[in-house]
Amino acid sequence: MRNNLFLIGLVNLCLSSSAYALSPEQFTSLEYHVNTGVGKTLPYGANKLSNDFKQAFDFITFDDDISVKLVTYIDTPNRAFKAKDINIRVREHVTKPRKSKITVKLRAEDPQGFGDVSQYRKAEIDFTNGKAAYSVSYDIPYSPGDINVKDVDYEQVFNILKKDKAIWSIVGDIYQANQQDLAQTIVMRTHGWEGALKDRRFDDLEIDFQLWTPYYRQPRITFTEFSFKGSLKNQDRLEQAYEHLFEQVNAVNLGQGHQGSKTKATFEMSNAFK
15 MRNNLFLIGL VNLCLSSSAY ALSPEQFTSL EYHVNTGVGK TLPYGANKLS
65 NDFKQAFDFI TFDDDISVKL VTYIDTPNRA FKAKDINIRV REHVTKPRKS
115 KITVKLRAED PQGFGDVSQY RKAEIDFTNG KAAYSVSYDI PYSPGDINVK
165 DVDYEQVFNI LKKDKAIWSI VGDIYQANQQ DLAQTIVMRT HGWEGALKDR
215 RFDDLEIDFQ LWTPYYRQPR ITFTEFSFKG SLKNQDRLEQ AYEHLFEQVN
265 AVNLGQGHQG SKTKATFEMS NAFK
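The numbers in the sequence shown follow our numbering, run straight up by one, and end at 288.
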C-alpha cells in the first residue's frame with residue numbers, strides 16, 4: 015500500500031520540468047477513502063447512526079449531527095463531457111442550503127493530463143485502496159430556490175457557469191454543441207456524519223462517514239465509505255492514518271461495500287445514459 019501512495023513522490027520528480035501547465039506544488043489537497051460494508055448494523059437509507067454501527071466501528075467516536083445532501087450529474091446520453099474527462103455535478107446541501115454548489119471537475123490519470131487550466135478551486139489527489147486519482151475542480155454556489163436538483167433546468171445551470179471565464183472555457187463549446195441533448199442522472203441522497211479516531215496519534219483528523227442511496231430508493235443500492243482530508247505537507251502522517259483506518263475497517267469484516275467510482279456507478283444506474 016505504501017508503495018502505491020509513494021506514487022505522488024515519483025510524479026513530483028517527473029514534473030520538475032516547466033513543460034506542464036500544472037506544477038507539483040498545486041496538488042496540495044489529499045483525500046483518503048476506505049470503502050466499507052455495514053451489514054445489518056444500519057437500515058437502508060439510515061438517517062441516524064445505530065448503536066450496532068457504533069459498536070462495530072468502535073475505533074471512531076461519531077458526532078450525532080447529520081449532514082444531508084442531494085446529488086445529480088449532467089451530461090449527454092453519449093457522454094460528451096466525459097469524453098473530455100469532465101464531470102458536472104449539482105449538489106444541494108439540504109442541511110445548509112447556502113453551501114449548495116455546482117462543481118465542474120476534470121479528471122486525469124496523472125497531472126500531465128490536465129493541459130492549460132487556471133483559476134480552479136482545488137487540485138486534489140484521491141487515494142482509494144492505495145490507488146491515486148487526480149482531479150482539478152471548480153465550484154460555484156447556487157441557491158436551491160433557483161435550481162431544483164430533482165428536475166434540473168440545464169439552461170439555468172450553464173448560465174451560472176458562464177459567469178466564470180475559466181469554467182466557460184472548459185465547458186462552453188461542449189454545451190453549445192449539445193445543449194438540446196442534456197440529461198441528468200438519478201438523484202442520490204447522501205447522509206454524512208463526522209467523527210474522530212480514538213487512536214491519539216490521529217485524533218485531530220476529521221473522519222467522515224458517508225452513506226449514499228438513490229433518492230427515490232430505486233435501484234436498491236447503498237454506497238458507504240470513510241474518508242478524511244489533509245495537506246501534502248503532512249503526507250507521511252496522513253498515510254499512517256490511512257493505513258490504520260484501512261486495517262481497522264477491514265478487521266470489522268463487514269465487507270468492502272461498493273468498489274470503484276460512485277460517479278460512474280450513478281451514471282450506470284441512470285436510464286438516460288444506458
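Even glycine gets a Cβ: it sits at the ideal position worked out from N, Cα and C.
Count the other C-beta atoms from every protein chain shown that fall within 10 angstroms of the C-beta of residue i, then say buried if there are 16 or more, exposed otherwise.
i: R214; result: exposed
i: R105; result: buried
i: D89; result: buried
i: G209; result: buried
i: S245; result: exposed
i: F281; result: buried
i: A191; result: exposed
i: Q69; result: exposed
i: N61; result: exposed
i: Y58; result: exposed
i: S241; result: buried
i: N101; result: buried
Identify which residue in the options has its Cα closest to the Cα of residue i.
i: K83; options: F71, Q190 and K110; result: K110
i: G271; options: F287, E239 and E261; result: E239
i: T75; options: L219, N92, T142 and E261; result: L219
i: S114; options: S157, H47 and N192; result: S157
i: E138; options: L63, V201, W207 and Y46; result: Y46
i: N49; options: K288, I221 and N248; result: I221
i: L211; options: Q254, K136 and F287; result: Q254
i: I188; options: I200, L175 and T199; result: L175
i: Q198; options: A265, R93 and T236; result: R93
i: F141; options: V263, L44, K276 and N285; result: L44
i: Q40; options: W207, F128, G53 and T204; result: F128
i: D178; options: I154, E169, L63 and I161; result: I154
i: R203; options: Q249, P233 and F216; result: P233
i: T277; options: K247, N248, I200 and Y256; result: I200
i: D72; options: W226, N264, I184 and N173; result: N264
i: D99; options: Q249, I184, W226 and K247; result: I184
Could you tell me the distance, in whole angstroms, from the CA atom of residue i to the CA atom of residue j?
i: L252; j: I181; result: 31 Å
i: D124; j: M283; result: 28 Å
i: Y229; j: G144; result: 30 Å
i: A97; j: D130; result: 17 Å
i: Q194; j: N65; result: 49 Å
i: G274; j: R231; result: 20 Å
i: V85; j: D165; result: 12 Å
i: K243; j: G186; result: 31 Å
i: H258; j: V108; result: 32 Å
i: K54; j: D217; result: 27 Å
Mind checking which residues open and close the beta strand (DSSP E) that includes residue i?
i: G209; result: M202 to L211
i: I100; result: I100 to H107
i: A122; result: K115 to A122
i: S183; result: Note, S183: premise wrong, no beta strand (DSSP E); alpha helix (DSSP H) at K179 to N192.
i: V150; result: K145 to P155
i: E138; result: K136 to T142
i: Q224; result: I221 to P228
i: F237; result: F237 to S245
i: D77; result: Looking at the DSSP string, D77 is not in any beta strand (DSSP E), and its letter there is neither H nor E.
With residue i as the anchor, note down where its alpha helix (DSSP H) starts and where it stops.
i: N65; result: N65 to A70
i: T277; result: K276 to M283
i: D250; result: Q249 to V266
i: F172; result: Y168 to K176
At least one CB of chain C closer than 9 Å to the CB of residue i: is that the case?
i: I74; result: No chain C appears in the structure shown, which is made up of a single protein chain.
Cβ contact check for the stretch 111-119 and the stretch 150-166: 3 or more pairs under 8 Å: Taking 8 Å as the limit for Cβ pairs, the verdict is that the stretch 150-166 does touch the stretch 111-119.
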